[in-house]
Each structure stands twice: as structure tokens, then as C-alpha cells.
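**Q**
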Amino acid sequence: MILRGVELRHFGRFGDFNVEFRKGMNLVSGANEAGKSTLMEAIPAVIFGLRQKERFRPWGRQGSCEAAVIFENGGQTIRIERDLLSDQVTLTESDDLHQIIHSFAGKVSPLGRSSERAEYCERLSLLFGHADEELFRASLFFGQGSLEFPGEGGLLARIKALLSGSSEVDYDAVLQSLCDDYFSLTRINPWGKDKTRERELDELRTRIANLEGRWFAAREALHEVATVEGEIGRLRAEIEAGRSEYDKGVRYLDWVRRQWHLDEKEQGLKRDFNRVQKSSGQVESLVAERQGLLQDLAKTGLPRELPDDLPLLLADAEQLRRRLIGLQGETTAQRQLLHRLGVVPWRLTAGLSLVCLGGSALLGWLSPRFATPLVLAGGICILILWAATLWQALRLHRERGVIDEGLAQIELRRADAQGELKELDLRFQRLGMSPSAVEIAKMQKNMERHRQIVMRLVEVEGALKVLEQPDILATEQRNLTRELVIVSERLERDKPMRPAHLTAEDLPEAEAKLEELNLRLRSQEERLIELTRQVATLQGGLADLQGIEEEGERLRTEENRLNQRKDALALGYELLREAVQAFRGTHLERFSNDIGSYLGQATQGRHRVVRIADDFSLQLAGKGGRWHDLAEFSRGTIDAAYFAVRLALTRQLAQGRALPLFLDDPLVNFDRIRLAEGLKLLERLSSEHQVIYFSHSELLQKRAARDRWRVVSLEEQRTVAALTRLPERSDDGEQLHLL
């Protein structure tokens, strides 16, 4: 199987990116931050999904984040597509003629438990031998600087199970189940320290011992039953006689208490009746007074609760009324002045002018010699008359203008006052009062009267709140009257039955004697109950003798059965444990031999022997044949060892499948010689497995060109993608533009 290609759509730093691989050695080169690790992480992300989805979401983009991987296996093509945000997966298998052999589509979350995920994982198991992301990363996936296995017990346990060939059956679980079943029967541990808590077999033996004790105790109880039954008969006779006397005394004292209680109740009812009568008179007087005060309050024209701004409103209304009266007087005075000015005597002037003109003409006709002077004299008189008239007209016009201007000012002030009056009317209306001048004058006049009425009304209502309501008092008076009648009738009916010798002073002594009798009876009853229980217990033990014997026989049989089961479980556990240890020793030895073979090739034969501990830790042989922990060696040797472990693990887990290997520069800590040997080892493996190596090393690029590897340069790929892309700004560019 080989990885033919990877397609990324808005994944991490990649917008629209496709890459193709071939069989054998493949090198993905690029500088730091070019996207090598992102491209490598895309492969398990498509196959298994992402737990941290925000890690590879492209910056500044709201939308899909998709990727696809294409595998080729023989004549088949397997294409897996995934929407990494919604986990919608499509898996398609087709033959070399592009005919679909199998297809799957569904939502497969890495944390889900759906039936779709189960079907998808089953398909992955057929393709890769397993569907475990951790196993994938531990075998086929060689991350940068992370060749060591994570210290998770679950992953190491699964690897050990797969290496030992027990993936189908978990022998550790079977051994643990046998051990649990054994210790569910007994706390005795033949392989170590005994358990503290008792188990089923131990509890069964304890029950058998208890049954034996009960059997002996039942035999002794036979002699006690007869004695206890005789004492019970005597106590019952004494209790019956004493209870009869006690009941008579209780009934008698109850009757006496009821009579005295009726007397006390009658006196209390009489006191309450007198109090209610007195309160009723006070309430009626106060109610009548309150009604009169409310009527007087209505006559004032003011509400009971005066608004806070009502006095100010009344003052403003009074002031505004006076202003309007003053303005009315000023208007009248100005109009009188205008009337006294009179009018211009145009007609009189015209008549006098005609008279002068006619007189001058007549005199000129009568005395022709003086006609011209007379006409001139008449004209001069006419001019004088018209000049005087015009001067008077101008003076009257000027004085009228002054008076009209004064009237205009007065009208403006009147308009302002009218506006204020309308505003006051609205304020009175909002308070629910009449804005008429008569009502306002009435309210101003009754302010003091209103205050006195309200003060008295508050006092009256306060007194009524303290006293009960009239209807409640009436109801209470009726109830008291009815109760008084009932109590009086009962007292009259029982009066002849009262004894003359029992007084209130004698009652405590009688009650004490009665209580003493009651205590004695209770003590006898408690003793009777105790004896009855004792007899019942003894008789139960006697009646259970046969049951105890039968139960003992049954428990003995159960003990024998559990002993046989315990011995069988112990034998099965021993045999299976020895077989599993031998079986695993063989497979782990084979695995350690594979690791030693790969490690020897990577270290030029310096380290060829590896020992694997139970916790999966590694040890290498040193000088003198001593074993040393891997942590005691150099970083390069440690990486070489874990590199060999992963190669061996890949070979073990592949189960005959030639799966591709993904390496993110895992040999970065190797020196030049070990790097060359490691690459030779990878080249040998590439004849069987496709190898995809991610690195930024220029030396590797030269070697890849020399040895004719498939080389994928991310810089060239991104340049080609940029040239073929539509002339639009990328999201990253827009982010920089916004910054």
C-alpha cells in the first residue's frame, strides 16, 4: 500500500493544496514554517479526525476545513475525505477501472461511539490492521523529536498484547478474572499476603460456627419458658384490676375539670361580651364622626391628599389673576387716551379754505383794482390753514403710534399670561381639580379648614384601625351570645350532679394518686411485654431446632462445593499464568531481536542486543556484558534505539501489509555516519514500504536528487498554486491588510 496523494482545502496555512507521492523514497522539503509538519499531521487528521479542531482552522476564514488522502493497494484506490470541523467522512474503494467496490459516508467523531464510527473503524482495520490512532502514531508515524512512546499505560498494554499475539484474547484479563473469582471465594492468598476482608467461603464458615452456637442456646432455653409463663399470668391479673380502677378515676377527674372549665369559660365570655359592647359603641361614634368629616371635606373642594405643589399652584394662579387684572386696566387706560386724541378736522379746513377762496374771489370781483392782493391774501390764509391741519395730523399720528405700541406690548404680555394660565389649567386638570377661577378662589379660602378636617380625620381613622371593624364586632357579639347561652344551659343541666366533697384544693392530691397508679400499671405492662418477648424468643429458638439442623447440613454441602471451586480456580490460574509467561517470552524475544537487527544497522553494529523489561523500558548491553538503561546513553543513541523500536513495531503490527512510513525528520540527532546508515536502512525498507520523509536539510535534497527519490518542494508547490489561483487576496493577506 502507498499514499498516492494528499488534498488540502483551507487546512492550517494551506488554502488549496494538492501533492502526489510515488512508491519508494519520497522527500518533502521546505524551510521552517513552510508547512511540512502541517502536511504530515493532515494524514492522521483525515483518517482519525481532530480532537483540537481550532489548531488547523485557517486564520481569518469562516467556513469549511477539508482534507483528503488517496491510498493505492494493488489494483485498488482508497480515497478518504473528511470535513475536519463537522467530522463528515467519505471512504471510497474502487478498482483500476474506477468501479466503486465499497463506499462509506457518515459522521465519524474521534470521541464518538456511534454505529457509523464502528463501521468506519472496522473498515480501517481491514486496511491498516487496526483502527487505533495511538498505535498508528506509535508505528507508522515518526514525529519530529518524539520517537519515544508516550508513558500511557493503555497504549503500552495494547502494544504488548499485539506483540504477544493476544489481540484476539486478552490473557491478562482472563488471568485477572480467574484471580478475582478465586478471591471472591476466600481471603487466603497462596501466592502472597492474605486479604483482610472475609470472602464467601470465609463468611460461610462463620455462619456454620454461629449455627452451632444457636443450637446449644436453644436447648438451654427449654428450661426457662415454664418459669416465665407463670410470672406472665400473675402480672396480667394485677394489670386488669388496676386498669379498671384507673379508668374510673380518670373519667371522674375529667368530669370535674369540665365543670370548672365551663365556669371559667362563662366568666371569660361575659368579659369578652362587655368588651365587645363597649367597642361597638366607640366604633359607631367614630364612624359617624368620620362620615361628617368626609362631607365637610367634600365641601371644601379640595382632595384629601393635597399634592405637594398645590399651594404653589394656587399662589401662581392668584398672582396670574392679578397680572391679568392689571393688564386689563392698562389696556382700558390706553384706549381712553386713544379716544381722547380725537380726529384731524379735514372737513373744517376744507370748508374754511372754500370760504377764504370764495371771499377773495367775491372781493376781487367787487373791487377789481384789489383783486390780485385779495387773491394772494386768500391763498396765504388757505396755506396757513392747511399747514396747521397737517401739523395737527402728524402730531395725532405720532401719539397714536406711541399708544398703539403700548397696546401691542400689553397684548404680548396678555398672551404670555394667557399661555401661563393654560399651563396652570393643565396642571390643575392633571391633579383632577377644576381650573375655574371660582373653584380656585374657593380652594384658597378653604385651605386652613381643609387642614383641620384632615388632621381630625386622620385621628378618627387611626382610632378605627386600632378598634375592630363594626361587622366583625357584630359577628363576635352574636357568637359570644350564642356561646353564653350554650355554656349556661350545660351548667344548669349538670349542676345537680356536682359533689360537695371535692374542691379545687383536693384536685392535685387526687391527680397525684391517679398518676402513681398509672406509673405502676405502666411498669407492670413493660415487664409483661418484656416477659412476652422473652417467651417468644425462647419458643422461636425451640421451634427452630429442626431448621437449624437442616440449615447446618445445607451449609456444609455449600462449603464442600466452594472448596472444590476454589481448588479448581487456583489450579487454572497457575497453569494459565505459566503458559502466558512462556508464550509472551517467546514473542518479546522475537521483537527484541528485530529491534537489535535494526539498531545494529543504524549504529554500524555497535549495539546489536536489546532487552525489553515488563514496563517496556529498553536496556542495551555495555562493556563487560552489563546492561544499562537507555537513558544512560547519548541522545543520538536513544533516538536510534527508539527508531529501531518503531521500525520493528511497524513490521510486527503490519501483519504482512506493506504500509507506508511517515517520518518528520526523526534522524535530526544522528551524526553524519549514523544518518547515512539510517538513510541506507530506509532505502532498503523502501523496496517493501513506501517512505515519505519530511525535512529541511539541503544535504538530503542533494542525496534525493542523486538517488532519484521523489522530491516534493513545498516552496515550488506554493508558487505553482499562487500562479494558478484566481487574482484574489488570500485570507492571510487580508489579515495583514487589516493590521
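Reading the sequence shown from the start, the letters are residues 9 to 747 in the numbering used here.
Glycine included, every Cβ here is placed at the ideal spot set by N, Cα and C.
1. By DSSP, does W635 sit in helix, in strand, or in coil?
2. Applying the 10 Å Cβ sphere with the 16-neighbour rule, what's the burial state of L11?
3. How far does the beta strand (DSSP E) with S78 in it extend, from its first residue to its last?
4. What are the boundary residues of the alpha helix (DSSP H) that includes L687?
5. Please report how far the alpha carbon of L420 lies from the alpha carbon of G337, in whole angstroms.
6. Return the residue from the list K286, V233, A401 and L690 that minimises the CA-CA distance to A544.
7. On the DSSP bridge list, what partners appear for K115?
8. Determine the contact status of A4 and I603, defining contact as a CB-CB distance below 9 Å.
9. Just checking, does the stretch 213 to 230 make contact with the stretch 524 to 535 on the three C-beta pairs under 8 Å criterion?
10. Kindly list the residues whose CB is nearer than 7 Å to the CB of L731, restricted to its own chain and excluding five residues on each side of it in sequence; keep chain order.
11. With DSSP run on the structure shown, which of helix, strand or coil describes R718?
12. Per DSSP, what kind of secondary structure is G161 in: helix, strand or coil?
13. On a CA-only basis, which of K688, K710, Q267 and A621 is nearest Y606? Give me that one, please.
14. Would you report the Cα separation of V116 and E141, rounded to the nearest angstrom?
15. Nearest to F56 by CA position, among D103, R65, G120 and S102, is which residue?
16. Along the chain, where does the beta strand (DSSP E) that runs through E696 open and close?
17. Quick check: E754 and A75, are their CB atoms within less than 9 Å of each other?
18. When the distance is taken between beta carbons, is M9 closer than 9 Å to Q698?
19. Just checking my contact of F19 with A50 at CB under 8 Å: how many whole Å lie between their CB atoms?
20. Alpha helix (DSSP H) containing E89: first to last residue?
21. Please state if the CB of F651 and the CB of P674 are separated by a distance shorter than 9 Å.
22. What are the residues that DSSP puts in a beta bridge with D24?
23. With 16 as the cutoff for other CB atoms within 10 Å, does G686 come out buried or exposed?
24. Taking the straight line between their C-alpha atoms, what separation do you get for D679 and D647?
25. Grab the span of the beta strand (DSSP E) containing A42 for me, first residue to last.
26. Within 10 angstroms of the Cβ of E101, are there 16 or more other Cβ atoms? Answer buried if so, exposed if not.
27. Roughly how far, in whole angstroms, is the beta-carbon of R682 from the beta-carbon of G644, given that I think they are within contact range, below 8 Å?
28. Exposed or buried, which one is L230 when buried takes at least 16 other CB atoms within 10 Å?
29. Quick one: what does DSSP say L626 is sitting in, helix, strand or coil?
30. How is S174 classed by DSSP in three states: helix, strand or coil?
31. Can you tell me whether R244 is buried or exposed, with buried defined as 16 or more other CB within 10 angstroms of its CB?
32. Quick check: the Cα distance between P504 and Q267, rounded to an integer number of angstroms?
33. Quick one: what's N34 bridged to in DSSP?
34. For I494, is the classification buried or exposed, using 16 other Cβ atoms within 10 angstroms of its Cβ as the cut-off for buried?
35. Buried or exposed for M33, going by 16 or more other Cβ atoms inside 10 Å?
**A** Inspection of the coordinates gives the following:
1. The answer is strand: DSSP assigns W635 an E or B state.
2. Counting Cβ neighbours within 10 Å, L11 comes out buried, since at least 16 surround it.
3. Going by the sequence as given, residue 78 is Ile instead of Ser. In this chain, the beta strand (DSSP E) harbouring I78 covers E74 to N81.
4. Taken as a continuous stretch (DSSP letters only), the alpha helix (DSSP H) holding L687 covers R680 to L693.
5. Between the alpha carbons of L420 and G337 lies a distance of about 15 Å.
6. Taking only the C-alpha atoms, the option nearest A544 is V233.
7. Its beta-bridge partners are Q96.
8. Nothing can be reported for residue 4, as the shown portion of the chain is limited to 9 through 747.
9. By the Cβ criterion, the stretch 213 to 230 is not in contact with the stretch 524 to 535, since fewer than three pairs of Cβ atoms, one from each stretch, lie closer than 8 Å.
10. Note that L731 scores a pLDDT of 47, beneath 50, so its modelled location is shaky; the value from the coordinates is reported in the next line. Around L731: no qualifying Cβ.
11. Strand.
12. With a pLDDT of only 45 at G161, under 50, the local geometry of the prediction cannot be trusted, and the value read off the model is given with reservation. In the three-state DSSP reduction, G161 falls in the helix class (H, G or I).
13. Here the closest residue by C-alpha is K688.
14. Answer to the nearest angstrom: the Cα atoms are 13 Å apart.
15. When only C-alpha atoms are compared, the closest one is G120.
16. First-last for E696: undefined, no H or E at that position.
17. No statement about residue 754 is possible, as the shown extent of the chain runs from 9 to 747 and does not include it.
18. Yes; because the gap between Cβ atoms is below 9 Å, this pair is in contact.
19. For a cut-off of 8 Å, the C-beta gap from F19 to A50 is around 6 Å, short enough to register as a contact.
20. Per DSSP, E89 lies in no alpha helix (DSSP H) segment; the continuous beta strand (DSSP E) that holds it begins and ends at Q84 to D91.
21. Yes, they are a contact pair.
22. BP columns for D24 point to R17.
23. Buried, since its Cβ has 16 or more Cβ neighbours within 10 Å.
24. About 11 Å.
25. No beta strand (DSSP E) holds A42; DSSP gives it neither H nor E.
26. Burial check for E101: the Cβ neighbour count within 10 Å reaches 16 or more, so the residue is buried.
27. Indeed they touch by this definition, with Cβ atoms about 6 Å apart.
28. When all chains shown are included, L230 counts as exposed.
29. Strand, per DSSP.
30. For S174, the predicted model reports a pLDDT of 46, less than 50, meaning its position is unreliable; a value from the coordinates is still stated below. Correct three-state label for S174: coil.
31. Exposed is the label assigned to R244, since fewer than 16 other Cβ atoms lie within 10 Å of its Cβ.
32. Summary for P504: the model assigns pLDDT 47, below 50, so the residue's position carries little reliability; its value from the coordinates is reported in the next sentence. Rounded to the nearest angstrom, the gap between the Cα atoms of P504 and Q267 is 12 Å.
33. In DSSP, N34 forms a bridge with I700 and R718.
34. The residue in question, I494, is exposed, as its Cβ has fewer than 16 Cβ neighbours within 10 Å.
35. Classification for M33: buried.
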